[in-house]
């Protein structure tokens, strides 16, 4: 173990953009809350640079220009690395994110905000600092809409959108992992939730007649209509902005109503649930961690759509029998790793491919689309064994398996029940990426966005606890 005296050495401030490298946030339950989950926390970190969309698609487009915004019931902080010692990195365990819980050490660390702090003015007066990330919390002054609480944020080309209705006891989460530009994920933030809400109107309020297949069908139809509108707009402006034909996004949407979870995904973002392992079914103890053993098994609820999945590759090749290069170099037309996506018109119709500059065009054989936006759909009924749900863009799984992600959250929750598990997973990705590259945590984050994409992807994570043990200060 290294010399812990490095904690007392002079520190060096590192300049970052005003937006930092990402954001961390959590949902603060109202005192009269009837929401069925114990907590919801989220975190995003960017690797790509982010820019504004080329087109304003609707009246909501301007509201997503800021890197982060939220309503009153969310608290947030920008992720800013704590200054590093001039003599080298902090040594473990102090360099790790495990100390992001309620532990304080000489004022260097502080835990999550208390409920009193979170319901304060929250305009730069309250600091919520983590061992590795620190920042100043803020709240939006926007008025509530339809009694909904919401948060939306961006990190590189990732977008996150959460909408919660305490009145009707449902939660919407959207994670949109964009590629080749910002327009597709920005459009999804502004348009997919309203499109899904329109399709669901009446379904979720009448539980006596609720059929799960109808909810999933409505979600799929909302996505289908949103993409049609997006491509129609892109078609009208593609001459002026041909790069719109390249832009696309993976889609992960979760809708939770009481004990029912509905998932829709296109691409390689994932929903993974942590369930009490069958080995412990006969143990009636409510304390999952009393003996120090990890007890949760990871179950992936979504389906991956990428060239890593042989069935997806076979489907594309079967649909394009005259194109031997339909999938080459482990990419669709040598260009795209995912086999289904929102947007990306150049892989769906020859006219959008033809609109591109020649250097970006593919050899489009025939007229059939190479990729689609047909989602995978899943209903899951929560039971007493379900403890947590991780929703994430694929950047998390470049460095952690499903089981590793669940185990990290479970261990972190057991050690720091008031800590932020989503932020901890983000930190774990950065640590692993830095270690693989032979760097320390701070060295990697000092690499400019864009260049840092060589080491890790944008990462956006939502962790929902069903057990009420994390973020106790939020309850």
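Numbering (UniProt numbering), first residue to last: 1 to 475.
Positions of the beta carbon are idealized from the N, C-alpha and C atoms, including for glycine.
Which residue's Cα is closest to the Cα of residue 429: 455, 311, 419, 228?
455
On the DSSP letters alone, give me the boundaries of the alpha helix (DSSP H) that residue 155 sits inside.
Segment 149-155 is the beta strand (DSSP E) holding residue 155; no alpha helix (DSSP H) there.
Identify whether residue 295 lies in helix, strand or coil by the three-state DSSP scheme.
coil
Use the C-beta contact count for residue 52: other C-beta atoms within 10 angstroms, 16 or more gives buried, fewer gives exposed.
exposed
7 Å Cβ shell around residue 421 - same chain, five flanking residues per side excluded
41, 409, 412, 413, 463, 470
Output the boundary residues of the alpha helix (DSSP H) element that contains residue 233.
212-237
Where residue 256 falls: helix, strand or coil (DSSP)
strand
Sequence ranges, alpha helix (DSSP H) only - wholly within the stretch 323-351, length at least 4:
none
Could you check whether residue 375 and residue 190 sit closer than 8 Å to each other, using their CB atoms as the reference points?
no
Spatially closest choice to residue 355 from 297, 461, 241, 258, by CA coordinates
241
Since residue 244 and residue 79 are thought to touch, with beta carbons under 8 Å apart, how far apart are those beta carbons, to the nearest angstrom?
With 8 Å as the limit, residue 244 and residue 79 do not qualify as a contact, their Cβ atoms being about 30 Å apart.
Could you pull out every residue in the same chain whose Cβ sits closer than 8 Å to the Cβ of residue 400, ignoring the five residues on either side in sequence?
408, 425, 428, 429, 432
Quick check: what's the CA-CA separation for residue 298 versus residue 447?
33 Å
How far does the beta strand (DSSP E) with residue 379 in it extend, from its first residue to its last?
376-381
For residue 272: DSSP bridge partner residues:
300, 390
Could you tell me whether the stretch 316-333 touches the stretch 360-375, where touching means 3 or more Cβ pairs closer than 8 Å?
yes
Same chain only: Cβ atoms within 7 Å of residue 225, ignoring 5 sequence neighbours per side:
195
Comparing alpha-carbon positions, which option in 222, 203, 266, 187 lies nearest residue 230?
187
To the nearest angstrom, how far is it from the Cα of residue 349 to the Cα of residue 378?
29 Å
Since residue 163 sits in a beta bridge, which residues does DSSP pair it with?
150, 172
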